[in-house]
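Engineer: Pasting a structure here, questions to come.
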Amino acid sequence: MQLSEQEIVRREALQAIRDLGIDPFPAARFEVNYRSDELTTPRYKQRLAAAIEKIKGVGPKKAEEIRDFLLANKFRVNQVLETPDFQAFGLSDPLVFDEGVETESTDLTEYLGGLRQAAIGEYSEEHRGKVSLAGRFMGQRGPFAKLQDGYGTIQLYIHKKGIGDDEETKARNIELVKLLHIGDFIGIKGYLFATQTGEVTIHVEELTFLGKALRNLPIVKRDKEGNVYDAFTDPEQRYRMRYVDLSVNPHVRDIFLKRSRIITSMRSYFDAQGWLEVETPVLQPVHGGAAARPFKTHHNTLDMPLFLRIANELYLKRLIVGGFDGVYEFGKMFRNEGMDRTHNPEFTSMEIYVAYKDYVWMMEMVEQLLEKVAREVTGDTKVEYEGKMIDFAGPYRRLSMYDSIKEYTGIDISEMDEAGLREVCKQLHIPVDNTMGKGKLVDEIFGEKVEAHLIQPTYITDYPIEMTPLAKKHRSKAGLVERFELFVNGKEIANAYSELNDPIDQRERFEEQLELAKRGDEEAMALDEDFLRALEYGMPPTSGLGIGIDRLTMMLTNQHSIQEVLFFPQMKAENKVVEDNPVEE
Numbered sequence: 044m045q046l047s048e049q050e051i052v053r054r055e056a057l058q059a060i061r062d063l064g065i066d067p068f069p070a071a072r073f074e075v076n077y078r079s080d081e082l083t084t085p086r087y088k089q090r091l092a093a094a095i096e097k098i099k100g101v102g103p104k105k106a107e108e109i110r111d112f113l114l115a116n117k118f119r120v121n122q123v124l125e126t127p128d129f130q131a132f133g134l135s136d137p138l139v140f141d142e143g144v145e146t147e148s149t150d151l152t153e154y155l156g157g158l159r160q161a162a163i164g165e166y167s168e169e170h171r172g173k174v175s176l177a178g179r180f181m182g183q184r185g186p187f188a189k190l191q192d193g194y195g196t197i198q199l200y201i202h203k204k205g206i207g208d209d210e211e212t213k214a215r216n217i218e219l220v221k222l223l224h225i226g227d228f229i230g231i232k233g234y235l236f237a238t239q240t241g242e243v244t245i246h247v248e249e250l251t252f253l254g255k256a257l258r259n260l261p262i263v264k265r266d267k268e269g270n271v272y273d274a275f276t277d278p279e280q281r282y283r284m285r286y287v288d289l290s291v292n293p294h295v296r297d298i299f300l301k302r303s304r305i306i307t308s309m310r311s312y313f314d315a316q317g318w319l320e321v322e323t324p325v326l327q328p329v330h331g332g333a334a335a336r337p338f339k340t341h342h343n344t345l346d347m348p349l350f351l352r353i354a355n356e357l358y359l360k361r362l363i364v365g366g367f368d369g370v371y372e373f374g375k376m377f378r379n380e381g382m383d384r385t386h387n388p389e390f391t392s393m394e395i396y397v398a399y400k401d402y403v404w405m406m407e408m409v410e411q412l413l414e415k416v417a418r419e420v421t422g423d424t425k426v427e428y429e430g431k432m433i434d435f436a437g438p439y440r441r442l443s444m445y446d447s448i449k450e451y452t453g454i455d456i457s458e459m460d461e462a463g464l465r466e467v468c469k470q471l472h473i474p475v476d477n478t479m480g481k482g483k484l485v486d487e488i489f490g491e492k493v494e495a496h497l498i499q500p501t502y503i504t505d506y507p508i509e510m511t512p513l514a515k516k517h518r519s520k521a522g523l524v525e526r527f528e529l530f531v532n533g534k535e536i537a538n539a540y541s542e543l544n545d546p547i548d549q550r551e552r553f554e555e556q557l558e559l560a561k562r563g564d565e566e567a568m569a570l571d572e573d574f575l576r577a578l579e580y581g582m583p584p585t586s587g588l589g590i591g592i593d594r595l596t597m598m599l600t601n602q603h604s605i606q607e608v609l610f611f612p613q614m615k616a617e618n619k620v621v622e623d624n625p626v627e628e
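Residue numbers (the numbering used here): 44 to 628.
Set out below in structure tokens:
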């Protein structure tokens, strides 16, 4: 293994830490009682302005101006009181406060001089005691350093005379601080204060080394105007080394925090209705529940082929047969198909099935659900995505499959047979092949000519029966099924049916899929005898829904590639070891 010069330096520092009698990878736990996001510098500055606003006659804008003036002059109150700039604020001495405000002093100098510490409030050592924090050491300039934990970054103050209660400890910690590199893990204890410029800081009184980083984190530099230099932006490196990406790009962490909140919000909605979260098999003997090509494997002990699930639909319906009124599952699905910016072979889906409901009810439920999720994750029902403002507040537009094709092509295909559909595809310059049946041809026309127009949330309803083997026949329109897909910004994010619960009809549909498979359709559904047996025991009227979590996350975080919302997207094997970015420490 060939090491870079910087890696050699880090290994030398590792040995030097051991020579100090310090274990660089200690086993003991480190107790944490504080997070970097509890009292941030912006929040502290808001507290300063709020305290100044209590002075009679000082409104919010003027309070911010006085605060900024004091910070710009490093809170040297005695030196600025007599300056014309400060006197222009018109503060009286002694101060007069708004009614109901209690203060220990009305003296102008004393009150303003004490604000810097007073704004620390309940986080001060007097009220809270020492704070304890752990995370990555992210560099040092003079006595000030940065510590990054799982919630943000905070400034540390490390006294030049050392950290500790006795001279031996101080001397050892002085040497330890010299051996710290960006990315090393440390634990600190101390007390909170604010610098003269208003930066919330921890005065370090105890230092514990928690883990040595032997490789260099890329150093992302930012100037005073916020411009970024030497950013870790190469997509391939970011996706392969997500652990580095998360460490140096805070906005990436925020994407995944929002992804987690999306799932939490949906789960809370379902739980409030009394529906049960369940788990179903990932390894399945029959690849059913969707039209897709599966991954195939072999179980050695049972000596039988198995498939990674392409959907969990048929197992969830079995649970409805078993007597549950509502079941849902968040789970991974696997499809051995193409990859692009909206498709990954492994993806996360939420599927839910509710007894005694239909697809019309499901449309209303989805509108309530997505409006709730958007509000709780982004703070609004309107989100910007790819330069467009998408509004998730219902009701959504409803348009049938045939009507949508007629609207955007001018052609009515509702009465056409397979030959007629092939002629339309030829007329519209849509490539097709002999394996495609009527349903696939309709899907190709829709995908090529309609999808891109569906920007705001839109339900496409009432699909041809050939396209949906698991949906119930339409109650009033022959040849169609009760199905909808929800499209947003030209992409499908939800799919739902009034579920087919007639076992005889279901068997006939499966047999039609077998005929398509004989013609070479690799995505045709397999016949699942056990599922048919379950239906023969009786399944109540049911509506089912699937939502793609990855695509929904893309839209609610304004990401244009599915790889951006997956911690570890599927990628080609590395041809060579990815080298570290050159950095200076």
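Ideal Cβ placement from N, Cα and C applies to all residues, glycine included.
Below 7 Å between beta carbons: does that hold for L359 and E320?
Structural biologist: Contact flag unset, no.
Engineer: Pick from Y234, Y194, S290 and P328: whose alpha carbon is nearest that of Y200?
Structural biologist: Residue Y234 is the option with its Cα nearest to Y200.
Engineer: From the DSSP secondary-structure annotation, give me the bridge partner or partners of H246.
Structural biologist: Its beta-bridge partners are Y200 and Y234.
Engineer: Measure the CB-CB distance between M444 and G482 and report whether it falls below 7 Å.
Structural biologist: No.
Engineer: Which partner residues does F187 have in the DSSP bridge list?
Structural biologist: Paired residue(s): R184 and Y200.
Engineer: Please report the Cβ distance between R336 and R378, rounded to the nearest whole angstrom; I am assuming they are in contact, meaning their Cβ atoms lie under 8 Å.
Structural biologist: Yes, they are in contact, since the Cβ atoms of R336 and R378 sit about 7 Å apart, within 8 Å.
Engineer: Report the three-state DSSP secondary structure of F252 (helix, strand or coil).
Structural biologist: Strand.
Engineer: Here's a check: name, in chain order, each residue in its chain whose Cβ is nearer than 8 Å to the Cβ of Q613, leaving out the five neighbours to either side.
Structural biologist: Within the same chain, Q613 has close Cβ partners M382, N387, P388 and E389.
Engineer: How would you call K515, buried or exposed, if buried means at least 16 neighbouring beta carbons within 10 angstroms?
Structural biologist: The residue in question, K515, is buried, as its Cβ has 16 or more Cβ neighbours within 10 Å.
Engineer: Note down, in chain order, each residue of its chain lying with its Cβ closer than 8 Å to the Cβ of Y580, except the 5 sequence neighbours on either side.
Structural biologist: Same-chain partners within the cutoff: V364.
Engineer: Quick one: which unbroken beta strand (DSSP E) runs of 3-plus residues sit fully inside the segment 489-577? Chain order, please.
Structural biologist: Whole beta strand (DSSP E) segments, 3+ residues: 501-507, 523-531 and 534-541.
Engineer: Among the residues of its own chain, which have a CB less than 7 Å from the CB of N121, if the five just before and after it don't count?
Structural biologist: Cβ within range, chain order: T152.
Engineer: Over the uninterrupted alpha helix (DSSP H) stretch that includes Y27, give me the two end residues.
Structural biologist: Missing from the structure shown is residue 27; the chain here goes from 44 to 628 and no further.
Engineer: Nearest to G156 by alpha carbon, out of I488, E372, R119 and D80?
Structural biologist: It is R119.
Engineer: Look at the alpha carbon of F574 and the alpha carbon of F350, and state the distance between them as a whole number of angstroms.
Structural biologist: Answer to the nearest angstrom: the Cα atoms are 16 Å apart.
Engineer: Please check the pair F140 and I98, which I expect to be a contact at CB under 8 Å, by giving their CB distance rounded to whole angstroms.
Structural biologist: Going by Cβ atoms, the distance from F140 to I98 rounds to 6 Å, so yes, they are a contact pair.
Engineer: Using DSSP bridges, identify the partner residues of S175.
Structural biologist: The partner list for S175 (beta bridge, DSSP) reads K232.
Engineer: Say whether chain B places a C-beta atom closer than 7 Å to the C-beta of I547.
Structural biologist: Checking the listed chains, one finds no chain B in this structure; it contains a single protein chain.
Engineer: Assuming contact is defined by CB atoms lying nearer than 7 Å, are Y399 and P584 in contact in what I supplied?
Structural biologist: Contact: yes.
Engineer: Secondary structure at P348, three-state DSSP: helix, strand or coil?
Structural biologist: It is a strand residue.
Engineer: What is the DSSP secondary structure of D297, counted as helix, strand or coil?
Structural biologist: Of the three classes helix, strand and coil, the one that applies to D297 here is helix, per DSSP.
Engineer: DSSP three-state label for Q327, please.
Structural biologist: In this structure, Q327 counts as strand in the three-state DSSP scheme.
Engineer: Less than 7 Å between C-beta atoms, sequence neighbours within five positions excluded: which residues of the same chain meet that for L523?
Structural biologist: Closer than 7 Å at the Cβ level, and outside the excluded window around L523, lie D505, Y506, P507, I508 and H517.
Engineer: If I measure Cβ to Cβ from W404 and keep anything under 7 Å in the same chain, skipping five residues before and after, which residues do I get?
Structural biologist: Closer than 7 Å at the Cβ level, and outside the excluded window around W404, lie S586.
Engineer: Ignoring anything shorter than 4 residues, give me the alpha helix (DSSP H) runs that lie fully in the segment 64-150, in order along the chain.
Structural biologist: Correct list: 84-96, 103-115, 120-123 and 127-130.
Engineer: Between the segment 407-425 and the segment 304-314, do three or more beta carbon pairs fall short of 8 Å?
Structural biologist: In short, these stretches touch, since the Cβ pair count reaches three.
Engineer: State the DSSP-derived secondary structure class of F367, mapped to helix, strand or coil.
Structural biologist: In this structure, F367 counts as coil in the three-state DSSP scheme.
Engineer: Give me whichever residues DSSP pairs with R440 in a beta bridge.
Structural biologist: Paired residue(s): T501.
Engineer: May I have the straight-line CA-CA distance separating L609 from M459, to the nearest angstrom?
Structural biologist: Rounded to the nearest angstrom, the two C-alpha atoms are 42 Å apart.
Engineer: Where DSSP assigns a beta bridge to V397, which residues make up the other side?
Structural biologist: V397 pairs with G369 and S586.
Engineer: For the alpha helix (DSSP H) holding T424, just list the boundary residues, first then last.
Structural biologist: Premise fails: T424 is in no alpha helix (DSSP H) and is neither H nor E.
Engineer: Around the Cβ of I60, are there at least 16 other Cβ atoms within 10 angstroms (buried) or fewer (exposed)?
Structural biologist: The residue is buried, with at least 16 neighbouring Cβ atoms inside 10 Å.
Engineer: Is it right to say R384 is buried, meaning 16 or more other beta carbons lie within 10 angstroms of its own, or is it exposed?
Structural biologist: So R384 ends up on the exposed side.
Engineer: Looking only at DSSP bridge pairs, what is T340 linked to?
Structural biologist: Note: T340 sits in a beta bridge opposite L349.
Engineer: Where does R265 sit, in a helix, a strand or coil, going by DSSP?
Structural biologist: DSSP places R265 in strand when its eight states are reduced to three.
Engineer: Have a look at N532 and E607 and give me their C-alpha separation to the nearest angstrom.
Structural biologist: Rounded to whole angstroms, N532 to E607 spans 18 Å at the Cα level.
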